[in-house]
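Heads up: the sequence shown begins at 56 in the working numbering, then just goes up one per residue.
Ideal Cβ placement from N, Cα and C applies to all residues, glycine included.
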Amino acid sequence: MNMETWREGLFQLCWQQHGGSGLAVTLEDALDLPTTDRDWLIERIGSQRAREAKELEKAARNGRGRK
Numbered sequence: 056m057n058m059e060t061w062r063e064g065l066f067q068l069c070w071q072q073h074g075g076s077g078l079a080v081t082l083e084d085a086l087d088l089p090t091t092d093r094d095w096l097i098e099r100i101g102s103q104r105a106r107e108a109k110e111l112e113k114a115a116r117n118g119r120g121r122k
């Protein structure tokens, strides 16, 4: 893992999206995590975001033309 990948992973763990979705891990807590737990969380965040994006696309398609 290079430094950029590591930094991006920490950012993803600590970032809390507007509206409260996402994790709210402090940088200190993220740095204290075992590497395996941190890596699992980073992968899980990616999966969750992809799932949410699909749901938003689905909702947008289903809402089209309704008025």
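* Return yes when the Cβ of Leu78 is within less than 8 Å of the Cβ of Gln71, no when it is not. => Yes. Within cutoff.
* Determine the burial state of Gln67: buried for a count of at least 16 other Cβ atoms within 10 Å of its Cβ, exposed for fewer. => Classification for Gln67: buried.
* To do: Could you tell me how far apart the beta carbons of Ala85 and Arg93 are, in whole angstroms, since I believe they sit closer than 8 Å?
  => The pair is a contact, with the Cβ atoms about 7 Å apart (cut-off 8 Å).
* **Extent of the continuous alpha helix (DSSP H) to which Leu88 belongs** => If you look at Leu88, you'll find it isn't in any alpha helix (DSSP H); DSSP assigns it neither H nor E.
* Alpha carbon to alpha carbon, how far is Cys69 from Gly118? -> Straight-line Cα distance between these residues: approximately 33 Å.
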